[in-house]
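First to last, the protein sequences are chains A and B. Read in order, the letters of the first sequence are residues 4 to 327 in this note's numbering. Read in order, the letters of the second sequence are residues 4 to 327 in this note's numbering.
Protein chains: 2
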Amino acid sequence: MLRGERRMGELALIESIRLASAARTMGRVRLGIGDDCAILRPPSGHEVLVTTDFCLEGRHFRRDWHTAESAGHRCIARGLSDLAAMGAKPLAAFLSLALPTGTERKWVNGFFRGLRGLADQFAVPLAGGDTAQSPSEHILADIVLVGSVLAGKALRRSGARSGDLLYVTGSLGGSAAELTSLHVGTGSNQGEEHPQNFPAPRLAVGAALLRRGLATACIDVSDGLSSDLKHLCEASGVSVEVELAKVPIHPLAEGRIELALHGGEDYELLFAARPGAAVPRRIAGVAVTQIGTFVERGRTLMVKVDERGRRTRLDAGGWEHRIG
Amino acid sequence: MLRGERRMGELALIESIRLASAARTMGRVRLGIGDDCAILRPPSGHEVLVTTDFCLEGRHFRRDWHTAESAGHRCIARGLSDLAAMGAKPLAAFLSLALPTGTERKWVNGFFRGLRGLADQFAVPLAGGDTAQSPSEHILADIVLVGSVLAGKALRRSGARSGDLLYVTGSLGGSAAELTSLHVGTGSNQGEEHPQNFPAPRLAVGAALLRRGLATACIDVSDGLSSDLKHLCEASGVSVEVELAKVPIHPLAEGRIELALHGGEDYELLFAARPGAAVPRRIAGVAVTQIGTFVERGRTLMVKVDERGRRTRLDAGGWEHRIG
């Protein structure tokens, strides 16, 4: 299956994955890389959550825009954010990685450093995966995140009711702003300054929402507020009014409400809570802002309300990533 | 993220996956496509097994050699075979699929037909995945199989001991013979006649081995007898002697022992059993043949014994797929 010389051979790649995972296949992972399957032991009484995400060069990252560390970080951030949106605790990650002929070991090491850096923050072992030679010049990755949550307790998209208030964590638009500026960071600074390169999945917030029973519905903002809010509204069968003045805009997107409404990859959480719920202003150190209200479903699903109280339709613009 | 016109849009693709999975998200799958994660409920007291496999055009299949049905069938066969090798029962599959611009809907439908055909045989729901536009002209798939097995009971590679006998299911070399002949089938005939296009994972055999406590170690033959047997020997810390005259050769590979020893993708099971174990000649309708004996580990890991009793080293040749 693998032919020709290349700088990073498959065996070396498997060894990289093995090293990246060796010290971490413990706890809930009974058997990691080295048998036909990995064996996970979820906590008793828990359900198992699974989410998979492509991370394809030319679609989800570019080697000239994103550092290897950023590509690795972002690769695992998407799945962790999906787990966060359901209030789950991660159990293990599985990485399928195909490299083109001649991929530099330095790039691969950087990718693993970025991926592991974020995985380690949440004690997520890399428990397996697959390797191949890429059939094109593109690096191809697909990542699986497996998590668990007490049976029947997972936060869903479908529980919002009319009268519930709409909240968002952190701030929006930063990732899109950073990407459109093309000024990608080259260092390994994480957090606020590099929301595009090093987004921070909100696992602690999701877990707290679940534990405190605060949210009636929850979703993560991966495609953009307008798109993901639409998913939540449709799943719950409600409409929503968003007050534009309340939407927290990331400093990098200052004054650009469109980026906050439609920019993707912010990986914040969007959730609904009953009007009487005691939602704090910060959860797990992250700001929580009320930005709208769910209303009975009419013909219009989403409405934005400007500072003068004028209501116009909010369309799920989605945000066209400018990568691919 | 997705731009330009193409015959199979992402929405249509998601709809295909949804249709393929809708009627099947039941039983152990509490929530399939349509939330941030799928929710699985493994049987009480079970561990969860996870395996992931790339299925990349130009590496694992070719559109001019494999029909769409065959590509879909083979995509899910690999992971099912990994579950079989551990004696596990499949719970759900997750498919990540990236299509190039202009992929014909007919191809996609055929792919799903092939994938679903095999999934349905084992009642495996397609519970989620990801979709994207391929960054190249290649179709890219990555599949995850999740299964379960009673805690602590999974068949492993590591349990073979000196004195154990080596068994293999079915026959070997058929898949490699079919591929090298380039005479790929164009119909949907499955089983013996098309081991390359429509391999049959041995889930019932693996489950029976586990239930009856027959195997001390087990692995599936995906890379070829010599390669996979080496994995089993290394994991168990034993050597092995293979009697060439006993190796069951697939009719398509008649007289070509090299294909049986080194040909890949047969998806048979290779297992060890104590010499006193009552291993039947057929398990779940599949022939079981004793082909060797495990011996104490010396300097040589694997030895082949010819009809005259001459011993020579058996090298893990692996088999270079001629696809990529």
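Built from N, CA and C at the ideal position, the CB exists for glycine as well. None of these values were measured; they are calculated from a predicted model.
Taking C-beta atoms as the reference points, A/D133 and B/D56 count as a pair closer than 9 Å. Closest option to B/R311, judged by alpha-carbon separation, among B/P93, B/P204, B/K249 and B/R215: B/K249. For B/L121, the enclosing alpha helix (DSSP H) begins and ends at R108 to Q124. A check of alpha carbon separations from B/L83 across B/A276, B/H265, B/V208 and B/G279 identifies B/V208 as the nearest.
Annotation for B/H234: R160 and I222 place their beta carbon closer than 7 Å to its own, counting only its chain and skipping 5 residues before and after. A distance below 7 Å between beta-carbons, with the five flanking residues on each side excluded, links A/G295 to the following residues of its chain, in chain order: L169, V243, E244, V245 and E246. Under DSSP, B/K92 forms a beta bridge with B/S151. Put simply, the CB of B/L86 is near chain A, with a gap under 9 Å to one of its CB atoms. By the neighbour-count definition (other C-beta atoms within 10 Å, threshold 16), B/R62 is a buried residue. Only exposed fits A/A290, as fewer than 16 other CB atoms lie within 10 angstroms of its CB. For B/H234, the secondary structure class from DSSP, reduced to helix, strand or coil, is helix. B/A87 and A/A71 have their C-alpha atoms spaced approximately 36 Å apart. Interface with chain A (9 Å Cβ-Cβ cutoff): B/R159 is included.
At least one CB of chain A lies nearer than 9 Å to the CB of B/I222.
When secondary structure is reduced to three states using DSSP, A/K249 falls in the helix class.
Annotated three-state conformation of A/C78 is helix, per DSSP. Here A/C236 has S242, V243, L304 and M305 as same chain residues with Cβ atoms under 7 Å from its own Cβ, once five neighbours each way along the sequence are excluded. Across the set B/N112, B/Q124 and B/H253, the C-alpha of B/H253 shows the shortest separation from the C-alpha of B/G173. Counting every other CB atom within 10 Å of its CB across the protein chains shown gives B/R284 a total below 16, marking it as exposed. Within the region 40 to 57 of chain B, contact with chain A at the beta-carbon level (separation under 7 Å) is assigned to C40, A41, I42, L43, R44, P45, E50, V51, L52, V53, T54, T55, D56 and F57. Closer than 9 Å to the CB of A/L304 there is not a single CB belonging to chain B. Chain A has a Cβ within less than 9 Å of the Cβ of B/F97. For B/L273, the pairing in a beta bridge is given by DSSP as B/V171 and B/I222.
With respect to the 9 Å criterion, B/S178 and B/G267 are classified as neighbours on the basis of their beta carbons. Below the 8 Å Cβ cutoff, chain A contributes P138 as neighbours of B/E60, in chain order. For the region 122 to 133 of chain B, the residues whose beta carbon sits under 9 Å from a beta carbon of chain A are, in order, A130, G131, G132 and D133.
A distance below 9 Å separates the beta carbons of B/G90 and B/R214. When Cβ-Cβ separations below 9 Å define contact, B/G37 makes contact with chain A. Contact between the region 147 to 156 of chain A and the region 92 to 110 of chain A is present, with at least three C-beta pairs closer than 8 Å.
DSSP, read as helix, strand or coil, puts A/V208 in helix.
In terms of Cβ geometry, B/H265 and B/L228 form a close pair [threshold 9 Å]. For A/R33, the neighbours in chain B by C-beta distance under 7 Å run, in chain order, E50. Residues of chain A with a Cβ closer than 8 Å to the Cβ of B/V147 are, in chain order, V53, T55, F97 and V147. By the 16-neighbour rule on beta-carbons within 10 angstroms, A/Q136 is buried.
Taken through DSSP and simplified to helix, strand or coil, A/L182 comes out as helix. For A/A91, the residues of chain B that pass the 8 Å Cβ criterion are C40, in the order they occur in the chain.
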